[in-house]
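> In order, the protein sequences belong to chains A, B and C. Following the numbering used here, the numbering of the first sequence begins with 1 at its first residue and continues without gaps. Following the numbering used here, the numbering of the second sequence begins with 1001 at its first residue and continues without gaps. Following the numbering used here, the numbering of the third sequence begins with 2001 at its first residue and continues without gaps. Just so it is clear, CB atoms sit at the ideal spot from N, CA and C, and this is done for glycine as well. Before we start, here is the structure in question, set down as structure tokens.
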Amino acid sequence: MAMALPSNAGGGDRWQVLRLLVARKTVLISLIVLVVLIAAALLAPYVSPFDPYKLSIMNRLKGPSSVHWFGTDDFGRDVFSRVIHGGRLSLMVGFSVVILASVLGIALGLIAGFFRRADKFVSRLIDAMMAFPDILLAIALVAALGPSLINVIIALGIVYTPRLARVVRASTLVIRELPFVEAARALGVPTYCIVTVHVLRNLISPILVQGTFIFAYAILAEAGLSFLGVGVSPDIPTWGTMINSGQQYMGQADWIMIFPGIAIVLSVLSLQLLGDGLRDVLDPRLRKEL
Amino acid sequence: MIDTLLSPPASTGVIDRTTAADASVSSRAALRAAPLLRVTDLKVHFPTGSGRHAPVVRAVDGVSFDVPRNTIVGLVGESGSGKTTTGRALLKLVAATAGRIEFDGHDLSSLSEKQMLPWRRRMQIVFQDPYASLNPRMSVAEIIGEALDTHKLAQDRREARISELLERVGLNADHRTRYPHEFSGGQRQRIGIARALAVEPDFIVADEPVSALDVSVQAQVLNLLQDLQRDLGLTMLFVAHDLAVVDYLCDEVVVMYLGHIMERGPTREVYARPRHPYTRALLSAAPVPDPRAPRTRILLKGDIPSPIDPPSGCVFRTRCPHAADICAQATPPARSMGPDHYVACVRLDEIDAS
Amino acid sequence: MTASSRDIVLSVNGLKTWFHSRDGVAKSVDGVTFDLARGETLAIVGESGSGKSVTSLSIMGLLPKPAGRIEAGKILFRDRGGKHHDLAQASAATLRRIRGAEIAMIFQEPMTSLNPLYTVGDQIAEAVLQHEGGSHAAALKRAQEMLERVEIPAAARRVNEYPHQMSGGMRQRVMIALALACNPSVLIADEPTTALDVTVQAQILDLLRRLQAESGMSILFVTHNLGVVAEIAHRVAVMYAGRVVEDAGVYDLFERPTHPYTRGLLSCIPTAALLASRERLQPIPGNVPSVLALPPGCTFAPRCPIAEPACTQAVPELLPAWPEHLARCIKVTPQ
């Protein structure tokens, strides 16, 4: 299981990893797209030409023009500005989900990797959670917690924790048998040091790769939830809510749905390609060295 | 790759203890009476599953030997012999199922992990795999520094001490910030040795330290180990399967088969006059780099039995050319054949007579 | 270069196999020349990076494509019918026909060379069916015969066993049975005993010697262990950094090692002479050069105790230092 082994990339290697990454055209393009999207999201208040909340009933359902690049929606709001602000929220949700899933996933994975008896319980829990389709589980959790942005983040974080926990557990099981961990025990290094210095540092690669994929899934899931009406409330502009509200005008004002849709596709595709690239770059290197 | 030539420099303030390599007979006797390590009836069994009736791998099944101070003792055997497990059990890296481990007169068998910490300073290990025995994410300085910090050594002169250790093993101290993958196999092995030396141990278990290296590099590391043992007065247990290397390096040899000791004694003696049928077969099977050397090949039939279900009595009897019914009855006790030379075989007299 | 009295079955001449990668061109084999006679065992000795395994893969046509390519040289093989082929230029169909039937190979790790999903008998039968046709039953019968020939006890039962049910030594015997099923004239053994215990190694070497005596096949034995070389080889070719640096009969090589690398190798292993004289091992200083950046001229010069500036000027030729004893060193052979 190539992903489970520690990468041999040491400190000075970060630049080489980057160089290998951008050597691949697909990854390079993905990185550029992501940088643009993230920059737009961060600078949303300065970059969006209109106030995304500003109603203008006179201008409703106008098609793309030189003034409104992406047209206006049913309330006359500028779609371009809403896409940018929506991106801010969607990317923020995605990122928060990754953080939450990582914290929970690393904790669970380490426990399962180190303690055999706990492993039995944790593994079955992971299997059970992964048996559900992600969206269904997310809907159930949001229904239980109540629809709000925070709860969507929490729900999705829980949904994607098993994925990360599995990877962490597998890697931990491999790493703890490696001679350098044994050497640390022979030196008398205390267990908590072994976990942080030896095990965790070698988990960075698989976590990074998984995290990139989870980012993509989370954006998609949030959009899906909002589209179904069980995510954040419809007046908050996320890409999902925009597609939801644009449904009724399909055939009339397609631009309301299409542009947020394109944004989702671009960001998810870029993240996935970046994740693929990372995985390819980090794995064969270690195979070559180990 | 860093091209560092080896040449062990002069001692640089590292603790030097006089060796007793050329001691007289009476001092030797004194050394033997107070060995640094005494193992008594060590057993290490691994359960293959949970449940009380799960079959057990009898990796080490009643092993007793001494390691005298300032000597290098070789532990040889083939796969399944238990030699690697024995080495690890001495350092309590695997839990012993039974038996005593006395280090410098103190029984370590019942100590907890916390109580073992000060002892871990005195006994260290060097591993076989130069690639997996160093954390790829730690620089050389961090690797050696960890050893120092765990035992709070040289805290006021940490950097200097790390440089000292690197030079002691023939590496360039300027390479301390580099990562393991930037070094060759032989150099990584030296880093592992430096890590073991950092805590200033009395005893080192070398677990097949050169098996994974190229021939020309093996010689470099073997010379280094020899020098260190001599200069620092170390005691070593050299676990290996290469009989020629053991002949070259070790003062005494312990021959293991399927978790038991077949024969042990001074290397010259055991190699020149092997008494146990297994030792004889093993020595005759070892390839000799001389096409004109006379070869008396004793070919053993069959394969090594599984350590889960070892033969009763003498474990070697299923492949021994001299086996008889009496061999199945009980595990042969170690019989003394001369000064410090023990053989575990009940049919020695009959074999010699034939 | 070849004595007319030797009946040469395989002749490798100036072989160069290079690997093209993003990091550059790795010249794994850069000038390998040797002859293998009928009924003879030629040992190819070298450390890691010497190119010995790539040489055997080149002969078999098993180089990883598209990275690995034979750049130059000839691999002349005389098949059972007396016809000569140049394996370096042969078509894929010719190579497939020759592989297994005329030239067979056994590897270091029997566990990964045998398919864990098929019984041992089925795997041997597959080779027989592939090259000789016939019925499945007849092929299985041949499989059992082969298992008996490699001294596996209870062959009738073992034919239906899977690789994981056997020990390492037995799996290696199965691999030998598989290789010899179609009676090849050349067996290439790539470090077949390196992963085995000493006593098992002795059994396997003994088996190979016996099989060679029975069938008259030639063996190309790749190894890094000089002890094994002394046990089994008739002739020895020492490789360093992609080139053959010494080529001699086995007695001659150990009694009169000529090339500085060979002499260095013999000084850094514990031999009986060294142990008797109680001297130290003399390691060869430095490291094996990377195949991506070979030193100019003689590749051993940076580590050689008798090197001089002329050594780096040009690659030395492989020339006779003694009768039937070649060396690639300007200081040892008159150029």
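To which residues does DSSP link Pro1136 (chain B) through a beta bridge?
Within the second sequence, residue 1136 (chain B) is the residue found at index 136, counting from 1. Answer by DSSP bridge pairing: none, since Pro1136 (chain B) is not bridged.
> Classify Arg166 (chain A): buried if its beta carbon has 16 or more other beta carbons within 10 angstroms, exposed otherwise.
Translated into the one-based positions of the first sequence, residue 166 (chain A) becomes position 166. Buried: at least 16 other Cβ atoms inside 10 Å.
> Compare the C-beta of Val2150 (chain C) against all C-beta atoms of chain B and say whether one is closer than 8 Å.
Stepping through the third sequence from its first residue, residue 2150 (chain C) is reached at position 150. For Val2150 (chain C), the answer is no, since every Cβ of chain B falls outside 8 Å of its Cβ.
> Here's the rule: buried if 16 or more other CB atoms are within 10 angstroms of the residue's CB, otherwise exposed. What is Trp2018 (chain C)?
Counting from 1 along the third sequence, the entry for residue 2018 (chain C) is found at position 18. Answer is buried; the Cβ neighbour count reaches 16.
> Just checking my contact of Leu200 (chain A) with Thr161 (chain A) at CB under 8 Å: how many whole Å lie between their CB atoms?
Your numbering for residue 200 (chain A) matches position 200 in the first sequence. Your numbering for residue 161 (chain A) matches position 161 in the first sequence. About 17 Å; that fails the 8 Å criterion.
> Just to confirm my understanding: we take His1276 (chain B), look at its own chain, exclude 5 residues before and 5 after, and list those with CB closer than 6 Å. What are they?
Counting from one through the second sequence, the residue named residue 1276 (chain B) turns up at place 276. Closer than 6 Å at the Cβ level, and outside the excluded window around His1276 (chain B), lie Met1262, Glu1263, Val1343, Cys1345.
> Using C-beta distances below 8 Å, list every residue in its chain close to Leu266 (chain A), excluding the 5 sequence neighbours before and after it, in chain order.
Counted from its first residue, the first sequence places residue 266 (chain A) at position 266. Excluding residues within five positions, the ones whose Cβ falls inside 8 Å are Val33, Leu37.
> Taking only beta-carbon positions, decide if Tyr1248 (chain B) is within less than 8 Å of chain C.
As a first step, residue 1248 (chain B) must be located in the second sequence, where it is residue number 248. Tyr1248 (chain B) counts as touching chain C.
> Three or more C-beta pairs closer than 8 Å, one from the region 1030-1049 of chain B and one from the region 1089-1099 of chain B: is that the case here?
Touching, per the Cβ criterion.
> According to the neighbour-count rule (16 or more other Cβ atoms, all chains shown, within 10 Å of its Cβ), is Asp1352 (chain B) buried or exposed?
Working through the second sequence from its first residue, we reach residue 1352 (chain B) at position 352. Burial call: exposed.
> Looking only at its own chain, which residues have a Cβ that is under 8 Å from the Cβ of Arg60 (chain A), when we skip the five neighbours before and after it?
Here residue 60 (chain A) corresponds to residue number 60 of the first sequence, with the count starting at 1. For Arg60 (chain A), where only same-chain residues beyond five positions count, the Cβ hits under 8 Å are Thr72, Asp73, Asp74, Phe75, Gly76.
> Give me the chain B residues within the contact set of Phe180 (chain A), using Cβ-Cβ distance strictly less than 7 Å, ordered along the chain.
Stepping through the first sequence from its first residue, residue 180 (chain A) is reached at position 180. Residues of chain B passing the Cβ test: Ala1132, Ser1133, Leu1134, Asn1135.
> At the level of alpha carbons, what is the spacing between Arg2006 (chain C) and Ala2037 (chain C)?
Taking the third sequence and counting its residues from 1, the one referred to as residue 2006 (chain C) is at position 6. Taking the third sequence and counting its residues from 1, the one referred to as residue 2037 (chain C) is at position 37. Roughly 6 Å between the two C-alpha positions.
> Do Val1076 (chain B) and His1341 (chain B) have their CB atoms nearer than 8 Å?
Your numbering for residue 1076 (chain B) matches position 76 in the second sequence. Your numbering for residue 1341 (chain B) matches position 341 in the second sequence. Not in contact: Val1076 (chain B) and His1341 (chain B) (Cβ atoms no closer than 8 Å).
> Looking at the C-beta of Ile2106 (chain C), does it have a partner C-beta in chain B at a distance below 8 Å?
Looking up residue 2106 (chain C) in the third sequence gives position 106. With 8 Å as the cut-off, Ile2106 (chain C) does not count as an interface residue toward chain B.
> Along the chain, where does the beta strand (DSSP E) containing Met1116 (chain B) start, and where does it finish?
Taking the first residue of the second sequence as 1, we reach residue 1116 (chain B) at position 116. Not the beta strand (DSSP E): Met1116 (chain B) falls in the alpha helix (DSSP H), residues 1113-1120.
> Output yes or no for whether 8 Å exceeds the beta carbon distance between Ala138 (chain A) and Leu273 (chain A).
Taking the first residue of the first sequence as position 1, residue 138 (chain A) is located at position 138. Taking the first residue of the first sequence as position 1, residue 273 (chain A) is located at position 273. Taking 8 Å as the Cβ cut-off, Ala138 (chain A) and Leu273 (chain A) do not qualify as a contacting pair.
> Is it the case that the Cβ atoms of Val1073 (chain B) and Val1254 (chain B) are separated by a distance below 8 Å?
Within the second sequence, the letter at position 73 stands for residue 1073 (chain B). Within the second sequence, the letter at position 254 stands for residue 1254 (chain B). Taking 8 Å as the Cβ cut-off, Val1073 (chain B) and Val1254 (chain B) qualify as a contacting pair.
> Look at the alpha carbon of Pro147 (chain A) and the alpha carbon of Val230 (chain A), and state the distance between them as a whole number of angstroms.
Locating residue 147 (chain A) in the first sequence gives position 147, where the first residue counts as 1. Locating residue 230 (chain A) in the first sequence gives position 230, where the first residue counts as 1. One C-alpha to the other measures close to 7 Å.
> State the beta-bridge partners of Tyr217 (chain A) as determined by DSSP.
Here residue 217 (chain A) refers to the residue found at position 217 when the first sequence is read from its first residue. Tyr217 (chain A) pairs with nothing; no bridge assigned.
> Would you mind reading off the limits of the beta strand (DSSP E) that contains Glu1263 (chain B)?
To locate residue 1263 (chain B), count along the second sequence from 1; it is residue 263. Element bounds for Glu1263 (chain B): 1260-1266.
> Just reading off the beta strand (DSSP E) that Phe80 (chain A) is part of, what are its end residues?
Counting from 1 along the first sequence, the entry for residue 80 (chain A) is found at position 80. Taken as a continuous stretch (DSSP letters only), Phe80 (chain A) belongs to no beta strand (DSSP E), being part of the alpha helix (DSSP H) at 79-114.
> Using 10 angstroms around the beta-carbon of Thr2155 (chain C), count the other beta-carbons present and answer buried if the total reaches 16, otherwise exposed.
Working through the third sequence from its first residue, we reach residue 2155 (chain C) at position 155. It is Ala, not Thr, that sits at residue 2155 (chain C) in the sequence shown. Buried.
> For the region 2205-2239 of chain C, list the beta strand (DSSP E) runs that are entirely contained and at least 3 residues long, ordered along the chain.
DSSP runs (the beta strand (DSSP E)) wholly in the region 2205-2239 of chain C: 2218-2223.
> From Gly1232 (chain B) to Gln1218 (chain B), what distance separates their C-alpha atoms?
In the second sequence, counting from the first residue as 1, residue 1232 (chain B) sits at position 232. In the second sequence, counting from the first residue as 1, residue 1218 (chain B) sits at position 218. Residue 1232 (chain B) is actually Leu in this sequence, not Gly. Rounded to whole angstroms, Leu1232 (chain B) to Gln1218 (chain B) spans 21 Å at the Cα level.
> Below 9 Å between beta carbons is the criterion; list the residues of the region 162-186 of chain A that meet it against any residue of chain B, in chain order.
Result list: Leu178, Pro179, Phe180, Val181, Glu182, Ala183, Ala184, Arg185, Ala186.
> Taking one C-beta from the region 2176-2189 of chain C and one from the region 2137-2153 of chain C each time, how about it: are there three or more such pairs within less than 8 Å?
With a cut-off of 8 Å, the region 2137-2153 of chain C and the region 2176-2189 of chain C count as touching, because enough Cβ pairs lie within range.
> Please list the partners that Val189 (chain A) has in chain B, where partner means a Cβ-to-Cβ separation under 7 Å.
In the first sequence, counting from the first residue as 1, residue 189 (chain A) sits at position 189. Those are Glu1146, Thr1150, listed as they occur along chain B.
> Which chain B residues sit within Cβ distance under 8 Å of Arg19 (chain A)?
Taking the first sequence and counting its residues from 1, the one referred to as residue 19 (chain A) is at position 19. Here the premise fails: no neighbours, minimum Cβ distance about 16 Å.
> Using the Cβ count rule (16 or more neighbours within 10 Å means buried), how would you classify Asn2115 (chain C)?
As a working mapping, residue 2115 (chain C) is identified with position 115 in the third sequence. By the 10 Å Cβ count, Asn2115 (chain C) comes out exposed.
> According to DSSP, Gly2249 (chain C) sits in a beta bridge with which residue or residues?
Walking along the third sequence from the start, residue 2249 (chain C) turns up at place 249. The partner list for Gly2249 (chain C) (beta bridge, DSSP) reads C:Arg2235.
> Taking C-beta pairs closer than 9 Å, name the residues in chain B that Ser2053 (chain C) reaches, listed in chain order.
Within the third sequence, the letter at position 53 stands for residue 2053 (chain C). Simply none; closest approach about 14 Å.
> Report the partner residues of Phe1046 (chain B) according to the DSSP bridge assignment.
Counting from one through the second sequence, the residue named residue 1046 (chain B) turns up at place 46. The partner list for Phe1046 (chain B) (beta bridge, DSSP) reads B:Val1057.
> To the nearest angstrom, report how far apart Met2105 (chain C) and Gly2049 (chain C) are at their CA atoms.
Translated into positions along the third sequence, residue 2105 (chain C) becomes position 105. Translated into positions along the third sequence, residue 2049 (chain C) becomes position 49. Roughly 20 Å separates the two Cα atoms.
> For Gln1124 (chain B), name the three-state secondary structure that DSSP assigns.
Sequence index remark: in the second sequence, residue 1124 (chain B) carries index 124 (1-based). In this structure, Gln1124 (chain B) counts as strand in the three-state DSSP scheme.
> Closer than 6 Å by C-beta to Ser48 (chain A): which residues in its own chain qualify, once you throw out the five before and the five after it? Chain order, please.
Sequence index remark: in the first sequence, residue 48 (chain A) carries index 48 (1-based). Counting only Cβ-Cβ distances below 6 Å, and skipping sequence neighbours, we find Ser81, Ile84.
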